[in-house]
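Below: one structure, written as structure tokens.
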Amino acid sequence: MGDHRRIRLFIDPEVRMVLEERRLKEEDLQRTLSEAEQTGKKFVHPHTGHFLAGVRQGSVTVWVEYSRHEDGFKVHRAYQHRVEVTAWDYKTGRTK
Numbered sequence: 283m284g285d286h287r288r289i290r291l292f293i294d295p296e297v298r299m300v301l302e303e304r305r306l307k308e309e310d311l312q313r314t315l316s317e318a319e320q321t322g323k324k325f326v327h328p329h330t331g332h333f334l335a336g337v338r339q340g341s342v343t344v345w346v347e348y349s350r351h352e353d354g355f356k357v358h359r360a361y362q363h364r365v366e367v368t369a370w371d372y373k374t375g376r377t378k
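Take 283 as the starting number for the sequence shown in my numbering and just add one per residue.
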């Protein structure tokens, strides 16, 4: 059993319904949060203080918007996509 499964998630019923429609499992979210918290690779929204992290899991990237809550994390929203983001060179407009 991976350490990521120990992460406690707080998910409101309406958010849970959307996650089920998107076929996102709690373990997918936990894996993303675990990596983001261990590596620090996450964005912080300047107004809400929410974090946004994305982690490649197989052929998809799972993105989670979350905040710290009690002894875990509150999931505000999450989604997945198949686009693979590569490094971008702003000077040339090409991928690296």
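Cβ atoms here follow ideal geometry from the backbone N, Cα and C, with glycine treated the same way.
With 8 Å set as the bound, which would you pick, yes or no: does the beta-carbon of residue i sit closer than that to a beta-carbon of chain B?
i	result
glutamate 352	In the structure shown, chain B does not exist; there is a single protein chain.
Near residue i, what residues of its chain come up, given a Cβ to Cβ distance below 7 Å and the 5 sequence neighbours on each side ignored?
i	result
isoleucine 289	Gln312, Leu315, Ser316, Gly354 and Phe355
For residue i, which residues from the same chain have a beta carbon less than 8 Å from its beta carbon, with the 5 sequence-adjacent residues on both sides left out?
i	result
histidine 363	Val342, Thr343 and Trp345
Whole angstroms is fine: what's the gap from residue i's alpha carbon to residue j's?
i	j	result
serine 379	histidine 332	Residue 379 falls outside the range modelled here, since the chain spans only 283 to 378, and no answer is possible.
methionine 299	tyrosine 361	12 Å
glutamine 320	arginine 338	15 Å
glutamate 296	proline 328	25 Å
Closest by CA to residue i, which one among the options?
i	options	result
isoleucine 293	Glu319, Leu301 and His286	Leu301
glycine 336	His351, Gly322, Thr330 and Thr374	Gly322
arginine 305	Ala369, Arg359 and Thr374	Arg359
Which same chain residues, not among the five before or five after residue i, have their C-beta less than 6 Å away from its C-beta?
i	result
valine 365	none
ask   = Taking contact to mean at least 3 C-beta pairs separated by less than 8 Å, is the segment 303-313 in contact with the segment 345-364?
value = yes
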